[in-house]
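Visitor: First, the structure itself, so that you have it in front of you.
Number of protein chains: 6
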Amino acid sequence: MTTTTPTANVLHTAYQKSVASYWNNEKDPVNLRLGDVDGLYHHHYGIGDYDPSVLEGPEDTRDDRIITEMHRLETAQAKALLDHLVDISPGDRLLDAGSGRGGTSFMAHQRFGCQVDGVTISEYQVGFANNQAEQRGVADQVTFHFANMLDTGFEAGSCRGIWTNETTMYVDLFQLFDEFSRLLEFGGRYVCITGCYNDVTGGRSKAVSRIDEHYLCNIHPRSDYFKALTAHNLVPINVIDLTAHTIPYWELRARSSVATGIEDPFLTAYREGSFHYLLIAADRV
Amino acid sequence: MTTTTPTANVLHTAYQKSVASYWNNEKDPVNLRLGDVDGLYHHHYGIGDYDPSVLEGPEDTRDDRIITEMHRLETAQAKALLDHLVDISPGDRLLDAGSGRGGTSFMAHQRFGCQVDGVTISEYQVGFANNQAEQRGVADQVTFHFANMLDTGFEAGSCRGIWTNETTMYVDLFQLFDEFSRLLEFGGRYVCITGCYNDVTGGRSKAVSRIDEHYLCNIHPRSDYFKALTAHNLVPINVIDLTAHTIPYWELRARSSVATGIEDPFLTAYREGSFHYLLIAADRV
Amino acid sequence: MTTTTPTANVLHTAYQKSVASYWNNEKDPVNLRLGDVDGLYHHHYGIGDYDPSVLEGPEDTRDDRIITEMHRLETAQAKALLDHLVDISPGDRLLDAGSGRGGTSFMAHQRFGCQVDGVTISEYQVGFANNQAEQRGVADQVTFHFANMLDTGFEAGSCRGIWTNETTMYVDLFQLFDEFSRLLEFGGRYVCITGCYNDVTGGRSKAVSRIDEHYLCNIHPRSDYFKALTAHNLVPINVIDLTAHTIPYWELRARSSVATGIEDPFLTAYREGSFHYLLIAADRV
Amino acid sequence: MTTTTPTANVLHTAYQKSVASYWNNEKDPVNLRLGDVDGLYHHHYGIGDYDPSVLEGPEDTRDDRIITEMHRLETAQAKALLDHLVDISPGDRLLDAGSGRGGTSFMAHQRFGCQVDGVTISEYQVGFANNQAEQRGVADQVTFHFANMLDTGFEAGSCRGIWTNETTMYVDLFQLFDEFSRLLEFGGRYVCITGCYNDVTGGRSKAVSRIDEHYLCNIHPRSDYFKALTAHNLVPINVIDLTAHTIPYWELRARSSVATGIEDPFLTAYREGSFHYLLIAADRV
Amino acid sequence: MTTTTPTANVLHTAYQKSVASYWNNEKDPVNLRLGDVDGLYHHHYGIGDYDPSVLEGPEDTRDDRIITEMHRLETAQAKALLDHLVDISPGDRLLDAGSGRGGTSFMAHQRFGCQVDGVTISEYQVGFANNQAEQRGVADQVTFHFANMLDTGFEAGSCRGIWTNETTMYVDLFQLFDEFSRLLEFGGRYVCITGCYNDVTGGRSKAVSRIDEHYLCNIHPRSDYFKALTAHNLVPINVIDLTAHTIPYWELRARSSVATGIEDPFLTAYREGSFHYLLIAADRV
Amino acid sequence: MTTTTPTANVLHTAYQKSVASYWNNEKDPVNLRLGDVDGLYHHHYGIGDYDPSVLEGPEDTRDDRIITEMHRLETAQAKALLDHLVDISPGDRLLDAGSGRGGTSFMAHQRFGCQVDGVTISEYQVGFANNQAEQRGVADQVTFHFANMLDTGFEAGSCRGIWTNETTMYVDLFQLFDEFSRLLEFGGRYVCITGCYNDVTGGRSKAVSRIDEHYLCNIHPRSDYFKALTAHNLVPINVIDLTAHTIPYWELRARSSVATGIEDPFLTAYREGSFHYLLIAADRV
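Chains as they are written, first to last, in my numbering: chain A, -10 to 274; chain B, -10 to 274; chain C, -10 to 274; chain D, -10 to 274; chain E, -10 to 274; chain F, -10 to 274.
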C-alpha cells in the first residue's frame, strides 16, 4: 500500500509541504462541482469555444448549464492531451504526474485499456482518486500514489507514456525531466499541457505574478521547457499554442458562479501576450 | 551589386563548392515545369491532399493537370510556412535563407509588402531569381544575394523574420542558428520546414541515406534542431509534424512525368517512420 | 546629453516598460521622507540594530525619530556595500547599476573621489538624480543615464567597480553578468546586495511570491547568483548572509508611519528562512 | 549462454535491426576468402604497401596471390591496432567492440594470453566466431556475445583495454564512449581505427555519402571523435593519420576478384582529402 | 574493521600513493608538539592575533609559550570552521574529509554530540586518530577510516555536514564535490577552509609554487572552488577571506622553534596577494 | 615599431610580469652556447638518439662535441614540429607563439619562404631575435613582437599556421586556444610540442612540481590540451608521444657542462611515466 509511505520521503522541502497543504485543503467548487457532472474530476482548464446559448434561457438552470459546459471544455482539453499519446497497448503503463482527483487518468484507462499510475503529493487527492477508482471498478488498473513526481521510485524504463496536465509550474523542469527521462522507455512519449510565460514580453508580468501568488506556484518561461527537454533526451514532435483556444473557457468561467477571482489575471495575461497555454508532445530518445 | 562578391568569400569549403555546383547545374523539370505554371519557382515539396481527378480524364492533358496540381501543393506548403510569420509590417525586413529560384520570397513580399532578401550559394539561382524580381517589378524590394547563410554579412538585429524552406540539411545547425540568432531582432520569428530523421528509429535509415546521397546533403536528426535552437535563444512556439500531409504530394509525383527516382526513398522513409516532414516556428529571445 | 536616448533603445520588452512605469510613478514616502533627512535618497533597505529609544519619548516627534533612525540604517547598508569596493583611485570609474535617486552613487563619489555613472530605466529617476548631482556640485563627476543595465553601451573594460544595490531581481542574471564582465577591467570588483530565495526551502514561498507581485520583480534563487557569476568570470571573495542584520530594520519600519504593507511578507520570509539578504563581492578574472 | 539473450534487449531501434540484418546476411568473399587464407576472419581494411609482384606472374594463381597479399595487409592493420594496447597481463580482460567474425580477438589472445570478449549485434557473427574459438581450443578464453556495444551489461571497470576496429560509424559516439568509460578501469586503454570525414573539407562529400549508403552507416566527422572522447574521460596519447598507408590496400583491392564496387568511393574520398583513416589511442582517466 | 581495506581500493594512482607515503612518514613537531598541548592534534594553520607577550619574558619557557599560543590559534581556526555547521543534532552524522590526526573531529563531536567519521589515505593517521578516540572514550562515536575522500563508499545522503580543513589541494575539486554532493542530504552543509591562489594575480606565483612542491600538492585557483561547487549543487551562503587573520599565526610560527622553512613562502604569498586563506560555507540543494 | 608597445598592454598580471622578468634575465649557457653553434637560438629540448661517440675521444674538445650534438637534437625537434605544418605557401603567414630567441621562426622562414611573426612577453628576447633577423637579412619577413600570445591584437583569420614550442605551460589553455582559434583561418594548422603531466599517474608528481617551481610555470595535465582544443574548434590529426625520443637528450645534457640541475627531475618524471613529451597537430575547423 503506497498510502503508508512516510511523508518525509515524499515532501523534501518546506515549499513542497506548503503546496501539499494547499491541495489537501482545496475543496474548490470550480473543481468539485464540475467533476460532479459526470464523475470525472479535473484540475485543469478547458479548451474550445463554448456554446453561447448556455448563457441564455431560464435563470434557475443557467448555472447548471454553464457548469456542464465548462466541464465539457475541460474534458475536451484532457482529450486533446491524450490524442498525443500514440502507440499505446493494453500491456503498457502510463504515468499521470500530478494526478489530482484522477480525471485524466480514468480517461486514459478508458481509451487505452492499460495500467495507469497517478502520483500526487496531496494525500487527500490520493485518497479521493483511489476511492473513485474503486467505485469505477478499475482499482487494479488505475492506482494513485502518494509520491513526488521528481523522485517517484518507479523502475527505470517502466513507462510507455507520461503526461503532466498543468502541474509543471510546481517543480524545477530540469529535475522533472531528468526523472521522466529515466522512467520512459526508449521511444516513449511525454505530453505536457501548461501555462508558461512568454520570453518575448520579458520577465513575468503583473498578471502572471498574480497567478503565481494565487496558486503558490512558479510559472516557467517558455524557453525553460525546451532547454530542459533538450537536456534530457526528450525531443518535441508537436508543439501547439493553445492560447486562443483556452480564452473562451476563461470568459465563460468569469461569468459563472464558480469564478474564483483569478479569471481576470488569466484573461489579461493571455490577451496581452505575456502568457501562453501550450501543449508539447515529445519522444524519449 | 552583390553579384561581384568573390566566390572565395562565400564558398568556404570543398563541400560547399560541390553543393553550389550541384545547384548551378540543376535544371530539373520537377522544379522548372512546376514553376512555369504561374511563375513561382519553388525548390521544395508540397502538402495537402491532391485532387484524385487529375489522374483521370483525357490522357493528353493528364500530365499538365498533374503538374498544375503538384504546383498547387508546393505553393500550399509555402503558404503554410508564411502563416507562421506574424506581426510583419511593410517596414520590416525578411530573410529567405537558401532562396533557390525565389518562389517563397515573392509570396512573402506579396503578403507582407516588406523588403525580402534571399541568399543562396548558387550564382545561377541568384541570377534566375533577380531576373524574376525585375520581371515582376519588385527588384527594389526583393533582392537575391550570392551569400552564405552561415555568414551573411548582414547587420545584427536587422531581420524581423527568417525562414528556411528545406535548406537546413546542407549546413551545421549550430552554425546556422548562431547566425540567425545574430540577424533576428529581439522577438523576431524563425520558421523552418525540413525533413529530419527520427531519433526514435535510430540512425539514418537506408532510405534516408539514399536521399542524402542523391542531394549531396546531410539530413539531421530531429533532436539536433531542438538542441541547436535552444543553444541560440530561439524558442519554439509551434511545431507541426507534416509527414502525413506531404505523403500525397509524393504519391502524385511518383505517378507524374517529372518523377526523378527519389520518390521511392521518400515514401519509404515517411511510411516506415524513419523520417519526418517538420515545421518549426520559433521566437528569438 | 544622455536624456535624449530614444526610449525604444533602452526598454526592449513589455516587462521592462512596466517596470520603468512603476518607478517613474513611485513617490513612496518610505523613500522620499527618509531621503529628506540628509539629502541622500536610497531605494534599498537597512542593516544593523536600531536604537530602541526612538520608539519611546514624546509622541509628536516619534515619527521623525523613527524616520531618522531608518535612514541611518539604510545609509549603513550602502556603507557596508562600499566597504567591499577596494583599490579605487580618483582616476577610476564606477558604475551604479540601477541607480534609483542616486544615494549610493553620491556616497561612493564622496569616499573615492572618482567618476561614478549611474544607470536606470526610469527617466524620472534620471532627472531626479542628475538634479541632485547639480545641487551637490558634482554633476561633472556623478552622472545618471537613461540606460538599460543589460546593455549599457559603455566601453568594454571601462569600469574599475560595479555594484547593484537591490536591483538584480528585475533582470536575468546571466545577461546582467555578461554585461558586467564586459564592462569590468581585469581585476575589477563587483558588489551586490540582494534578496534571494533559499534553494534549501525549495521554490518561492508564499511570502516571497507576495514580494515579487508587489514590486513586479522576479526574485532569484540563491544558486542562480553563483551559477551566473561563475559563468562570467566573476569569482567571489566575500559572501555575507545579512539576513539577521536586516530584520531589525523591517521591525522598525513595520511600526513606522511609512510602512507600505510589504513589511509582513519580508519579516515572514526572513524568519522562516525562505529568503536571504545577501552581500556578494566578486572579482573579474 | 549468451546466445539466449532476447533480441529485444540487444536491438533497441529499427536502425540497429537493419544493421544486424545486413551483417547476418553478409557473406562477402572479400571477407570470407581472405579469412580462409589462415583462418583469421577480419572485417576491416589493410595498411602498408603491397608487393607489386603479386600482380605479375602466372594468371591462374594471380588471384590467390592478390587475396593472400590483401589478407597480409589487413592482418598488419590489426597488428598495428594491438601495438597500442599496452601493459596487458594474462589476468586482464579485453573487449572487442563490434567483433565481427573474430579475427582481431584471436590475435589479441595470442599476443597477450588474456581473456577477450567480443560483442556484436549479428547473431550469425556470434555463432561463426564462437565456432572458430572452439576450433582453436580457446573457447574458454575468447568468447563472443550477442550484445550491443552501447549497453553491454558488463561490469563497470572490468576491462583493461577496449578496441573498435571500423565499427564506430554505426553508433553515436557519445553513447559509445559513455559505455566504454564505464567499462574501462582507471588507466585502461581504448584503441580505435576508423574512417572519419574531414571537417576541413566540410560536410560529407559525395564519395563519403556513397560509403554511408553502401554500408548503412553514419560516418562521423573527425571532430566528433575528440569531442566525445573528451566528454568521457578518455585522453588521447597517440593519434595517427593512416590515410596514406591504407590507399595501397584499396588500389590492390580494386584490381582483385573480390572488389565490391565500393573501392572507387574510398579511393576518391581518401585522395581528395575528404576522408581520413585514423588510429586513436586514448587512456581512461 | 575499516583497517583491513585493501590499499588498492583506496589509493588509485601513483600520485595518491606518494601523498599517502608523505603523510605516513610525517612526524613534524609543528603538528605533534602543538597537539601535545592538550591532546587535540591538528594539521592546519591558525587564525587570529597572537598575544605578543609570549615572545617576551623568561627565555627557558618562551618556546613553550609560543607553542601553546600557536595551538590556541589553530584551535580557534577549527572553531571558526565548526561555527558554520548549523542545525546539527545528536542523531546526525558528520564527515571530516582528510581527517589527519583527528583534532577537528573531536571538537565537532564535543560540540554537537553526534557521530563523526573521518577519512584519510594515511594508514598511520587512521591508527593515530582511532587510538585517540579510544583514549577519549568516544571510539563508538568518532571513527577514522582508511578511505579516499573522492570515493568513500559511504551511503548517499548519509551526511548532515562535511568539512575539509586544508585538504582540498590534494584532489580534483570536481571529483571531490561530486562525491560530497552525493553524500550530503538535501539541505546539508559543506564547510571548507583552504589556501587558494588568486586568479587576479594570474598563475601560481613563485611562492605558491614552492608551497606546492613542499607539500606535494596542487593549490587551486580561487575560481575553481566556485566552478566546482556550482557544478555540484553546492550553493555558498558565506565566504570569508581569512588572509589577514592567518598572517599573525605565520609570523609567530616563523619565530618559533618548530618553523619548517615554509613560513617565508606563505608570508610572501599572502602579503603579495597571490594567495588567499578562504572559508566557504555552502548548502547542498 | 612594435617595441614601443606599453608594457601595461602586454603584461596583464603580476604572474605575467614575473615570467617576463625571468626570461628578460635568463642568459643560460644551455640556450646561448648551443645557439652559438650555428646561430639558431632555441628555447626547447631535443629529440632523437645522440651519437655516443661524442662522449669519447679527446677530453679538451668533448664539451664542444656534446654541445654540438645537443644542438643537433634540439634542431631536430624544431624540424619535427615544422614537418606538421602542411600546405604553407610563400604568401601565407605563420605565428610563433612564445618565440624566445627566434630559432624555430628562422627555420620556418627558410623552409616555407613566408612571413613569420613571433610574439614573446620578454622585451629582451624581442630585441635579441629582431637583431638576429637583421643579421640574417630577413627582418622584413621575420618579425618579433613584444606581445601577449593570449591577446596578440593580430587580425582574425590572418594566420595559416601557429605553433607553440614548449610555451603553453605559462598560460591558461582555454584562453590560448580561444585566441589561436580566432587567429587561424578555416583549415589552418596548429602544432604544439609540450611537456604535460599524465592524468593516469594522477596529480603533479614531485618531479613535475620541481620543474614548475624551477621555471615558474604551470604544467598542464594531458587531458587539458584535448579539452581546450575541442572547446575551440581545433581538431587533432596527429598526436605523437615523444617521451622516449627526448630521454636521450636529457641523458646527454645531464653529462654536459651546461647542465642546470633540472635534468634529474625531467629524467625521473619521464621514466616514472608521470610526464609526457607530446606533439599535437590540429586543424582549425
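Here a beta-carbon is modelled for each residue, glycine too, at the ideal position from N, C-alpha and C. Keep in mind the model is a prediction, meaning the values are calculated, not measured.
Select from E:Leu29, E:Glu252, E:Asp167, E:Asp40 the residue whose C-alpha is nearest the C-alpha of E:Ala217.
Guide: Nearest option by C-alpha distance: E:Asp167.
Visitor: May I have a chain-ordered list of the alpha helix (DSSP H) segments no shorter than 4 residues that lie completely inside the stretch 150 to 188 of chain E?
Guide: With a minimum length of 4 residues, the continuous alpha helix (DSSP H) runs that stay inside the stretch 150 to 188 of chain E are 162 to 172.
Visitor: Give the interface partners of D:Ser212 over in chain F, defined as CB-CB distance under 7 Å, in chain order.
Guide: The contacting residues are Val224, Val274.
Visitor: At which residue ranges does the stretch 81 to 122 of chain B contain complete beta strand (DSSP E) runs of 3 or more residues, listed in the order of the chain?
Guide: Here the runs fully enclosed are 82 to 86, 104 to 109.
Visitor: Between the Cα of B:Ser42 and those of B:His31, B:Tyr259, B:Met59, B:His32, spot the shortest distance and give me the residue it belongs to.
Guide: Taking only the C-alpha atoms, the option nearest B:Ser42 is B:Met59.
Visitor: What does C:Gly192 touch in chain E if you count any residue whose Cβ is under 8 Å from its own?
Guide: Simply none; closest approach about 12 Å.
Visitor: Could you give the DSSP three-state label for D:Ile56: helix, strand or coil?
Guide: Three-state result, D:Ile56: helix.
Visitor: Check the Cβ of A:Gly176 against every Cβ in chain B and list those closer than 8 Å, keeping chain order.
Guide: Those are Val189, listed as they occur along chain B.
Visitor: Kindly say whether A:Thr2, judged by its beta-carbon, lies nearer than 8 Å to any beta-carbon of chain C.
Guide: Judged by the 8 Å Cβ criterion, A:Thr2 is in contact with chain C.
Visitor: Going by C-alpha to C-alpha distance, which of A:Glu261, A:Leu205, A:His265, A:Phe175 sits closest to D:Leu0?
Guide: It is A:Phe175.
Visitor: Just to confirm, are F:Phe169 and D:Phe215 a CB contact at a threshold of 8 Å?
Guide: No, the Cβ-Cβ distance between F:Phe169 and D:Phe215 is not below 8 Å.
Visitor: Evaluate B:Phe163 with the Cβ neighbour count: other Cβ atoms within 10 Å of its Cβ, from every protein chain shown; 16 or more gives buried, anything less gives exposed.
Guide: Flag for B:Phe163 reads exposed.
Visitor: Between the alpha carbons of B:Ala128 and B:Asp81, how many angstroms are there, rounded?
Guide: Going by the C-alpha atoms only, they are around 16 Å apart.
Visitor: From the DSSP output, read off the bridge partner residues of D:Tyr266.
Guide: D:Tyr266 is bridged to D:Gly184.
Visitor: Using three-state DSSP, classify C:Ala220 as helix, strand or coil.
Guide: The answer is coil: DSSP assigns C:Ala220 none of H, G, I, E or B.
Visitor: Check whether the Cβ atoms of C:Leu84 and C:Cys148 sit closer than 8 Å, and answer yes or no.
Guide: In contact: C:Leu84 and C:Cys148 (Cβ atoms closer than 8 Å).
Visitor: Less than 8 Å separating the beta-carbons of D:Ala9 and B:Ser263?
Guide: Not in contact: D:Ala9 and B:Ser263 (Cβ atoms no closer than 8 Å).
Visitor: Report all residues from its chain with a CB closer than 7 Å to the CB of F:Asp38; omit the five preceding and five following residues, and keep chain order.
Guide: Pro237.
Visitor: Does chain E have any CB closer than 8 Å to the CB of C:Val75?
Guide: No, because no Cβ of chain E sits closer than 8 Å to the Cβ of C:Val75.
Visitor: Determine the contact status of B:Gly184 and B:Glu155, defining contact as a CB-CB distance below 8 Å.
Guide: Against a cut-off of 8 Å, the Cβ pair of B:Glu155 and B:Gly184 comes out as a contact.
Visitor: Where F:Asn13 and F:Asp106 are concerned, what is the direct C-alpha to C-alpha distance, given to the nearest angstrom?
Guide: In a straight line, the C-alpha of F:Asn13 is about 19 Å away from that of F:Asp106.
Visitor: Just the Cα atoms here: how many angstroms apart are C:Met(-10) and C:Gly126?
Guide: Because C:Met(-10) carries a pLDDT of 37, less than 50, the predicted location of this residue cannot be relied on, and the following value inherits that uncertainty. About 18 Å.
Visitor: Within 10 Å of its beta-carbon, does A:Ser198 have 16 or more other beta-carbons around it, so buried, or fewer, so exposed?
Guide: Buried.
Visitor: I want to verify the contact list: residues of chain D whose CB lies under 9 Å from the CB of B:Gln5, in sequence order.
Guide: Within chain D, the residues near B:Gln5 are Gly191, Gly192.
Visitor: Taking the alpha carbon of E:Leu231 as the reference point, which residue from E:Gly142, E:Cys206, E:Leu62, E:Val224 has its own alpha carbon closest?
Guide: Ranking E:Gly142, E:Cys206, E:Leu62, E:Val224 by Cα distance to E:Leu231 puts E:Leu62 first.
Visitor: Could you spell out the range, first to last residue, of the beta strand (DSSP E) harbouring E:Phe135?
Guide: E:Phe135 -> beta strand (DSSP E) spans 131 to 135.
Visitor: Would D:Arg100 be called buried (16 or more neighbouring beta carbons within 10 Å of its own) or exposed?
Guide: With fewer than 16 other Cβ atoms within 10 Å, it is exposed.
Visitor: Output, in sequence order along the chain, the residues in the stretch 142 to 170 of chain A whose CB is closer than 7 Å to any CB in chain B.
Guide: Against chain B - using a Cβ distance shorter than 7 Å - the stretch 142 to 170 of chain A contributes no residues.
Visitor: Would you call the stretch 65 to 72 of chain B and the stretch 84 to 95 of chain B in contact, with 3 or more CB pairs under 8 Å?
Guide: The stretch 65 to 72 of chain B is in contact with the stretch 84 to 95 of chain B.
Visitor: I want to verify the contact list: residues of chain F whose CB lies under 7 Å from the CB of D:Ile229, in sequence order.
Guide: Residues of chain F passing the Cβ test: Asn227.
Visitor: Just the C-alpha distance for E:Thr(-8) and E:Val115, rounded to the nearest angstrom, thanks.
Guide: Reliability fails at E:Thr(-8), whose pLDDT of 45 lies under 50, so the model's placement of it is uncertain and the value that follows must be treated cautiously. Rounded to the nearest angstrom, the two C-alpha atoms are 8 Å apart.
Visitor: Between the stretch 198 to 210 of chain B and chain D, which residues of the former have CB atoms less than 7 Å from a CB of the latter, in chain order?
Guide: If the cut-off is 7 Å between Cβ atoms, the stretch 198 to 210 of chain B has Ser198, Arg199, Asp201, Glu202, Leu205, Asn207 near chain D.
Visitor: For D:Ile269, which of D:Leu256, D:Val247, D:Asp213 has the nearest alpha-carbon?
Guide: Checked all of D:Leu256, D:Val247, D:Asp213; the closest Cα to D:Ile269 is D:Asp213.
Visitor: Please compile the residues from chain A whose C-beta is within a distance smaller than 8 Å of the C-beta of C:Ser263.
Guide: Those are Ala3, Tyr4, listed as they occur along chain A.
Visitor: Taking C-beta pairs closer than 7 Å, name the residues in chain C that A:Lys195 reaches, listed in chain order.
Guide: Within 7 Å Cβ-Cβ: Ser7, Leu205.
Visitor: Terminal residues of the continuous alpha helix (DSSP H) containing E:Thr235?
Guide: Per DSSP, E:Thr235 belongs to the alpha helix (DSSP H) from 232 to 243.
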